[in-house]
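Going by the working numbering, the sequence shown opens with residue 1, and the numbers climb by one from there.
Structure first, commentary second.
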Amino acid sequence: MKYLLKINGTDCLLTHEQVNTIVETIEGCETYGEKHVGADKGTQGYNNSYIPFIGQSHLHEWLKINVMSDDLIETIKLRMKLEKASE
């Protein structure tokens, strides 16, 4: 079993240990974003409606990790091997 994590548009297959390392590294980090405060009340964005915001991270709200079975991974690798052999 591997874990599928999208990072900056790239799907990465990770082991359990790699996922744990990532989670331990970013758990409790601060996040940066924009907060809507109303038209002409902010400093940026559409109609100056937003202000920069730094908040506490809640991983369960934004970190999405899917599971990929060993059978599926092996099937994909076999198909790739067969395609390469037929070239």
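Idealized CB from N, CA, C, for every residue including glycine.
Inclusion of F53 and E34 in the CB contact set at 8 Å is warranted, their separation being smaller than that value. A straight-line Cα-Cα distance of about 58 Å links S49 and S86. Ranked by Cα distance from S69, the options L13, I7 and I51 are led by L13.
Ranked by Cα distance from K2, the options M80, R79 and L72 are led by L72.
Distance check between H58 and each of T15, L4, E24 and I76 places E24 closest, using alpha-carbon atoms only.
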